[in-house]
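Those sequence lines, one after another, are chains A and B.
Heads up: the first sequence begins at 13 in our numbering, then just goes up one per residue.
Heads up: the second sequence begins at 13 in our numbering, then just goes up one per residue.
Reviewing the structure listed below.
Number of protein chains: 2
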Amino acid sequence: VFQAQVLYDFTAEPGNNELTVKEGETITITNPNIGGGWIEAQNSRGEIGLVPEDYIEVKQKIAVAPAPSVGNVAAPDLSFFDAYAPASTPAQNQASNGNDPWSVWNADPSGGSSNNWASNPEGTQTGKSAAPDPWASVSHGHPQAYQGPGRKSLWNDGVSFPDTGQRTSNYFFSPLNRFPGFSKSGPELYLLCKQLAKGKDRLPIYMGEVGPVWFYPETQLDCVVADPKKGSKMYGLKSYIEYQITPNTTNRPVNHRYKHFDWLYERLLDKFGSAIPIPSLPDKQVTGRFEEEFIKMRMERLQGWMTRMCRHPVVSNSEVFQLFLSYKDEKDWKTGKRKAEKDETVGVMIFSTIEPEASDLDPVEVEQKCEQFSRFTKAMDDGVKEILTVGHEHWKRCTGPLPKEYQRIGKAFQNLSSVFTSSGYQGESTLTDALTAAGKTYEEIAQLVAEQPRKDLHFLMETNNEYKGLLGCFPDTIGVHKAAIDKVKEGDKLVATSKITPQEKVTMAKRLSTMSYALQAEMNHFHSNRIYDYNRVMQLYLEEQVKFYETIAEKLRQAHSQFTTM
Amino acid sequence: VFQAQVLYDFTAEPGNNELTVKEGETITITNPNIGGGWIEAQNSRGEIGLVPEDYIEVKQKIAVAPAPSVGNVAAPDLSFFDAYAPASTPAQNQASNGNDPWSVWNADPSGGSSNNWASNPEGTQTGKSAAPDPWASVSHGHPQAYQGPGRKSLWNDGVSFPDTGQRTSNYFFSPLNRFPGFSKSGPELYLLCKQLAKGKDRLPIYMGEVGPVWFYPETQLDCVVADPKKGSKMYGLKSYIEYQITPNTTNRPVNHRYKHFDWLYERLLDKFGSAIPIPSLPDKQVTGRFEEEFIKMRMERLQGWMTRMCRHPVVSNSEVFQLFLSYKDEKDWKTGKRKAEKDETVGVMIFSTIEPEASDLDPVEVEQKCEQFSRFTKAMDDGVKEILTVGHEHWKRCTGPLPKEYQRIGKAFQNLSSVFTSSGYQGESTLTDALTAAGKTYEEIAQLVAEQPRKDLHFLMETNNEYKGLLGCFPDTIGVHKAAIDKVKEGDKLVATSKITPQEKVTMAKRLSTMSYALQAEMNHFHSNRIYDYNRVMQLYLEEQVKFYETIAEKLRQAHSQFTTM
Numbered sequence: 013v014f015q016a017q018v019l020y021d022f023t024a025e026p027g028n029n030e031l032t033v034k035e036g037e038t039i040t041i042t043n044p045n046i047g048g049g050w051i052e053a054q055n056s057r058g059e060i061g062l063v064p065e066d067y068i069e070v071k072q073k074i075a076v077a078p079a080p081s082v083g084n085v086a087a088p089d090l091s092f093f094d095a096y097a098p099a100s101t102p103a104q105n106q107a108s109n110g111n112d113p114w115s116v117w118n119a120d121p122s123g124g125s126s127n128n129w130a131s132n133p134e135g136t137q138t139g140k141s142a143a144p145d146p147w148a149s150v151s152h153g154h155p156q157a158y159q160g161p162g163r164k165s166l167w168n169d170g171v172s173f174p175d176t177g178q179r180t181s182n183y184f185f186s187p188l189n190r191f192p193g194f195s196k197s198g199p200e201l202y203l204l205c206k207q208l209a210k211g212k213d214r215l216p217i218y219m220g221e222v223g224p225v226w227f228y229p230e231t232q233l234d235c236v237v238a239d240p241k242k243g244s245k246m247y248g249l250k251s252y253i254e255y256q257i258t259p260n261t262t263n264r265p266v267n268h269r270y271k272h273f274d275w276l277y278e279r280l281l282d283k284f285g286s287a288i289p290i291p292s293l294p295d296k297q298v299t300g301r302f303e304e305e306f307i308k309m310r311m312e313r314l315q316g317w318m319t320r321m322c323r324h325p326v327v328s329n330s331e332v333f334q335l336f337l338s339y340k341d342e343k344d345w346k347t348g349k350r351k352a353e354k355d356e357t358v359g360v361m362i363f364s365t366i367e368p369e370a371s372d373l374d375p376v377e378v379e380q381k382c383e384q385f386s387r388f389t390k391a392m393d394d395g396v397k398e399i400l401t402v403g404h405e406h407w408k409r410c411t412g413p414l415p416k417e418y419q420r421i422g423k424a425f426q427n428l429s430s431v432f433t434s435s436g437y438q439g440e441s442t443l444t445d446a447l448t449a450a451g452k453t454y455e456e457i458a459q460l461v462a463e464q465p466r467k468d469l470h471f472l473m474e475t476n477n478e479y480k481g482l483l484g485c486f487p488d489t490i491g492v493h494k495a496a497i498d499k500v501k502e503g504d505k506l507v508a509t510s511k512i513t514p515q516e517k518v519t520m521a522k523r524l525s526t527m528s529y530a531l532q533a534e535m536n537h538f539h540s541n542r543i544y545d546y547n548r549v550m551q552l553y554l555e556e557q558v559k560f561y562e563t564i565a566e567k568l569r570q571a572h573s574q575f576t577t578m
Numbered sequence: 013v014f015q016a017q018v019l020y021d022f023t024a025e026p027g028n029n030e031l032t033v034k035e036g037e038t039i040t041i042t043n044p045n046i047g048g049g050w051i052e053a054q055n056s057r058g059e060i061g062l063v064p065e066d067y068i069e070v071k072q073k074i075a076v077a078p079a080p081s082v083g084n085v086a087a088p089d090l091s092f093f094d095a096y097a098p099a100s101t102p103a104q105n106q107a108s109n110g111n112d113p114w115s116v117w118n119a120d121p122s123g124g125s126s127n128n129w130a131s132n133p134e135g136t137q138t139g140k141s142a143a144p145d146p147w148a149s150v151s152h153g154h155p156q157a158y159q160g161p162g163r164k165s166l167w168n169d170g171v172s173f174p175d176t177g178q179r180t181s182n183y184f185f186s187p188l189n190r191f192p193g194f195s196k197s198g199p200e201l202y203l204l205c206k207q208l209a210k211g212k213d214r215l216p217i218y219m220g221e222v223g224p225v226w227f228y229p230e231t232q233l234d235c236v237v238a239d240p241k242k243g244s245k246m247y248g249l250k251s252y253i254e255y256q257i258t259p260n261t262t263n264r265p266v267n268h269r270y271k272h273f274d275w276l277y278e279r280l281l282d283k284f285g286s287a288i289p290i291p292s293l294p295d296k297q298v299t300g301r302f303e304e305e306f307i308k309m310r311m312e313r314l315q316g317w318m319t320r321m322c323r324h325p326v327v328s329n330s331e332v333f334q335l336f337l338s339y340k341d342e343k344d345w346k347t348g349k350r351k352a353e354k355d356e357t358v359g360v361m362i363f364s365t366i367e368p369e370a371s372d373l374d375p376v377e378v379e380q381k382c383e384q385f386s387r388f389t390k391a392m393d394d395g396v397k398e399i400l401t402v403g404h405e406h407w408k409r410c411t412g413p414l415p416k417e418y419q420r421i422g423k424a425f426q427n428l429s430s431v432f433t434s435s436g437y438q439g440e441s442t443l444t445d446a447l448t449a450a451g452k453t454y455e456e457i458a459q460l461v462a463e464q465p466r467k468d469l470h471f472l473m474e475t476n477n478e479y480k481g482l483l484g485c486f487p488d489t490i491g492v493h494k495a496a497i498d499k500v501k502e503g504d505k506l507v508a509t510s511k512i513t514p515q516e517k518v519t520m521a522k523r524l525s526t527m528s529y530a531l532q533a534e535m536n537h538f539h540s541n542r543i544y545d546y547n548r549v550m551q552l553y554l555e556e557q558v559k560f561y562e563t564i565a566e567k568l569r570q571a572h573s574q575f576t577t578m
């Protein structure tokens, strides 16, 4: 018998074969192989149902085995680890917020899995005490000891979980510590590495008009995420959604479930996270997974995520990303997966593959650039959140009280028209007809107002939400950089105390320069995308806004024309 | 020291500088010149605050002199008696309601002085227990003994006040009993009057296309109320506003203070109130009387009131109204005033001057018509109040949260633009300029939204407010009619018990027919005005609404054009 202790409260969604469990409760695992992040368990009252894996801690028998590697498809329990956020169900939030899709991320304090910022909800929205500020570790003028970009250091909330220090050995890692291989390895690993392997995956950095830039391919990779299909396994016990992804290179669709996206995300984060902000996937959600609206929304966001990855010259050109988009068959996929999981050029070692064409940078300049990027990304993070907050409020007003008010105005006009009709006075049908029409017009306006956010605010919010996620990765990326700067600053002292040789000190400065080129290339990539994205989304927004107000004006003009001119 | 005895309990409105006093209490008047129907007084506990003048009786020094007549301009302290509703001050309401002028009447439970409906605030607005329903006395199927149209019968709230039965003798009349000469006289006075005086002021009723109609003059009287000027008396201690009224007949301006309008109103109510709904004057207000905004508003409403009176063929043609509009000099005015105050054809006796050209109506038809008008005016009263309620809410939203939201959207765009400008990345000024412009556009929209209600909702509200006042007079007018119907129904019984002669019974039925013709003529007048007014106000409203939305669309179009097309 496999027993497990429940770590967090979980409330079953009715009709979903789920089991409600309480923190501290002991349950018996009746089927550990459900997949999709679920196990089947039985409680002390004999009730059986599904429970999210990461809400429980296994007590015996399936305790941590020294398994070969995380993500190995051969290991049957890996699907087990889709981390579902232990938060309020999005379906409930949607209901109370006029179908505002942003109520999900606004109300969800644990947000996107790897996104530090997502975990830091707007104070104005929740009124809860602020989460630890991930920017604190990169605050200006007060350099702190770098703790590594992993979650643990940023979410020191007293929850203890196994940390064997070895990336692939802890199966039951908490959702707060999803990247065991990525944490702990500070930039020293790269800065002081004896010998950099000369591999084939070189990442050159060129000097462009705007400064250091990545190598951009001639044709930009792109893909379409479409055609979500429901599949099932375990004799229909659990079902899932499979998406069809078609890259513009092969034009041949491949199928992936959400958990494959998640696998890709973890690979990219492992490999590039120190140099390139890898935005987290759209929120995973425990409930409502087969609700049409939700699937559409998730698909739209997966599309947004894939598009952003495709646009990135380094990410899109990587072997693992290419594998994901264009594997030939199951065998190809499995082989590729295994290879990707064995990739050792991960974490800060990614810098060892970077080759700037320009000469080494002065550490002072490196530090200045770093400070500038830190300030900018923090400021933009604030700006983006402000837009999300006001947009969220606007959404609520446009779908809640405002259309209700227009409806009431419309009804009031129509009611008055009915009263007038009952007057018994002759020849006022022109007035009453016009008054009724005016009333109906305001009811139509109510509808327009309520529908409008989906037409314009939606894209503005989605884009800013994406940027919020992206910007949430910068504290990690910049943190690695800051730690490297601090290490190099210690150079003389380290030499004096014979911790490193004078040659190693020189190497460290050179490698820091490489890191800075990478950071600058990445910032330039970010800026150019940002300009494109915001130009585009603002145009879309204003276009739809113009149409909206013109439509209303036209409707009112028609209503006006029905009254007799005097 | 001026001392006064409190006649009725008065409960201070918090935050209004008012003083709670009890019936029988002696207070010291610390400032008798507050104006607007208030004095400042100190109680025995040393507390100082405002008390309504007509709640107290002065004991010495400024005790009431045996002045010749109410409203006589020679009586220096008559301004003292402007009955201001002892309610919350409008200035405060304005402040908390985004300068919504309707917050005044919506929040003021004692409303317009003679307007029963105005005293019956929307339950939805105040949440207070409902005031006695004046429509109750004209409810269908449950005829009640007619108690007269005066306030007392309708506001039988246990407050006793002096009623000398003589119209002009009680100076300290309560605001609840403003028309002592008008109450008490039921329709019997007319129905059973031995001899109807044959005066010169005959009021013919013709049969028009729509039924009985008043005699309409060829050119309609009209006047302009303008040029409010501040005057003062009592060595500047008391100041007042004088308005210039110019009728289209003489084209010669005359000056009148508000209290003269009030005098006119009372004369018209006395004389025509039983047959013609005389809407009350715009609310008197204690505070802000010299505030520009308030003067403008009052003038606008006095203009509205005068226009409505001018439009009424009976009222506009009356001697007292003509006197008001075109007195030649002070002497002419004083003589005319005295004559008007001595007019004995008041109350129900107005019916004695009405001469229908058509044959007598059947009592059954009379009752049907009466029921129909009662139903209609009640229904319209509901409809008008609904518009006022939603309009009031819309006003608050448009001047409060909505522009704040647009402002915040505008600021958020501009803030993001500032952040972008700080990026250090080259060539994004097109985006940042456009983003700033878009932000400013939303700030402009905020302003447009906040200003819009004054441009369109204002007139819609004013018109409906006027109609609310007008409709509030119908319970009285219809009540007289109902009482007459009931009296005629009693005819046989009265003859059987020798209370009246058979001839008197016939006379009563004939006179009831005359009353019905008057009511029908008045309803037809009301309907034709209503159709005109609502057609006009809806056109104005929709016109301005169209302009509003077009302006916003145009502004957004310009903002949109600043982004680069891609």
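Note that beta-carbon positions come from the ideal geometry of N, C-alpha and C, so glycine has one too.
Computed from a predicted structure; not experimentally measured.
ask   = Using a Cβ-Cβ cut-off of 7 Å (strictly less than) and excluding sequence neighbours within five positions of residue 396 of chain A, which residues of its own chain qualify?
value = When the five nearest sequence neighbours on each side are left out, the beta carbons in the same chain lying within less than 7 Å of the beta carbon of residue 396 of chain A are those of 476, 479, 480 and 483, in order along the chain.
query = Taking Cβ positions, are residue 574 of chain A and residue 424 of chain A nearer each other than 8 Å?
reply = No. Outside cutoff.
query = Which first and last residues belong to the beta strand (DSSP E) in which residue 336 of chain B is found?
reply = Note, residue 336 of chain B: premise wrong, no beta strand (DSSP E); alpha helix (DSSP H) at 331 to 338.
ask   = Count the other CB atoms within 10 Å of the CB of residue 370 of chain B; is the residue buried (16 or more) or exposed (fewer)?
value = Label assigned to residue 370 of chain B: exposed.
Simplified DSSP assignment, three categories, for residue 579 of chain B = The requested residue 579 of chain B does not occur in the structure, where chain B is confined to residues 13 to 578.
inquiry  = Please identify the residue among A/63, A/37, A/201 and A/409 whose C-alpha is closest to the C-alpha of residue 496 of chain A.
reply    = Nearest option by C-alpha distance: A/201.
query = Given a threshold of 16 other Cβ atoms within 10 Å of its Cβ, counted over all protein chains shown, does residue 376 of chain A qualify as buried or as exposed?
reply = Residue environment for residue 376 of chain A: exposed (fewer than 16 other C-beta atoms within 10 angstroms of its C-beta).
query = Closest to residue 308 of chain B by CA distance: which of B/241, B/357 and B/245 is it?
reply = Answer by Cα proximity: B/241.
ask   = Can you list, in chain order, the residues of the segment 548 to 561 of chain B whose Cβ is nearer than 7 Å to any Cβ on chain A?
value = Listed by position along the chain: 548, 550, 551, 554, 555, 557, 558 and 561.
ask   = Should residue 518 of chain B go down as buried or exposed, given a rule of 16 or more other Cβ atoms within 10 Å for buried?
value = Burial is judged here by how many other beta carbons sit within 10 angstroms of a residue's own beta carbon; residue 518 of chain B has fewer than 16 and is exposed.
key: Burial state of residue 442 of chain A (16 or more Cβ within 10 Å)   = The C-beta of residue 442 of chain A has fewer than 16 other C-beta atoms within 10 Å across all chains shown, which makes the residue exposed.
Closest by C-alpha distance to residue 379 of chain B, when choosing among B/56, B/514 and B/528 = Looking from the CA of residue 379 of chain B, the closest CA among B/56, B/514 and B/528 belongs to B/528.
query = residue 289 of chain B and residue 317 of chain B look like a contact to me (Cβ under 8 Å); what is the Cβ gap, rounded to whole Å?
reply = With a Cβ gap of about 13 Å, residue 289 of chain B and residue 317 of chain B do not count as contacting.
inquiry  = Classify residue 66 of chain A: buried if its beta carbon has 16 or more other beta carbons within 10 angstroms, exposed otherwise.
reply    = Burial call: buried.
key: Span separating the alpha-carbon of residue 398 of chain A from that of residue 386 of chain A   = Going by the C-alpha atoms only, they are around 18 Å apart.
query = If we count the other Cβ atoms within 10 Å of its Cβ and call it buried at 16 or more, is residue 419 of chain A buried or exposed?
reply = Burial call: buried.
query = At a Cβ threshold of 8 Å, is residue 218 of chain B touching chain A?
reply = Chain A, which has no Cβ nearer than 8 Å to the Cβ of residue 218 of chain B, makes this no.
Closest by C-alpha distance to residue 582 of chain B, when choosing among B/453, B/382 and B/33 = As shown, chain B starts at 13 and ends at 578. That puts residue 582 of chain B outside it, with no answer to give.
request  = Quick one: measure Cβ to Cβ for residue 226 of chain B and residue 325 of chain B, integer angstroms, because I've assumed they're closer than 8 Å.
outcome  = Sure, about 4 Å apart at Cβ, within 8 Å.
query = Along the segment 416 to 442 of chain B, what residues have a CB closer than 9 Å to any CB found in chain A?
reply = Only those residues of the segment 416 to 442 of chain B whose C-beta falls short of 9 Å from the nearest C-beta of chain A are listed: 417, 418, 420, 421, 423, 424, 425, 427, 428, 429, 430, 431, 432, 434, 435, 436, 437, 438, 439, 440 and 442.
inquiry  = Against chain B, with Cβ distances strictly below 8 Å, would residue 33 of chain A count as a contact?
reply    = No, no contact with chain B.
task = Could you tell me the distance, in whole angstroms, from the CA atom of residue 237 of chain A to the CA atom of residue 368 of chain A?
result = It is roughly 34 Å from the alpha-carbon of residue 237 of chain A to the alpha-carbon of residue 368 of chain A.
Terminal residues of the alpha helix (DSSP H) in which residue 259 of chain A lies = Under the DSSP assignment, residue 259 of chain A falls outside any alpha helix (DSSP H), being part of the beta strand (DSSP E) whose first and last residues are 250 to 259.
key: Residue burial classification, residue 230 of chain B (beta-carbon count within 10 angstroms, cutoff 16)   = Answer is exposed; the Cβ neighbour count stays below 16.
ask   = What residues match up with residue 17 of chain B in a beta bridge as DSSP calls it?
value = DSSP output for residue 17 of chain B lists B/38 and B/69 as bridge partner(s).
message = Three or more C-beta pairs under 8 Å: does that hold for the segment 275 to 283 of chain B against the segment 355 to 364 of chain B?
response = Verdict: yes, contact present.
ask   = Do three or more CB pairs link the segment 455 to 464 of chain B to the segment 559 to 568 of chain B at distances below 8 Å?
value = Yes, the segment 455 to 464 of chain B is in contact with the segment 559 to 568 of chain B.
key: Nearest-angstrom Cβ-Cβ length linking residue 255 of chain A and residue 314 of chain A, presumed shorter than 8 Å   = Their Cβ separation, rounded to whole angstroms, is 6 Å, which keeps residue 255 of chain A and residue 314 of chain A in contact under 8 Å.
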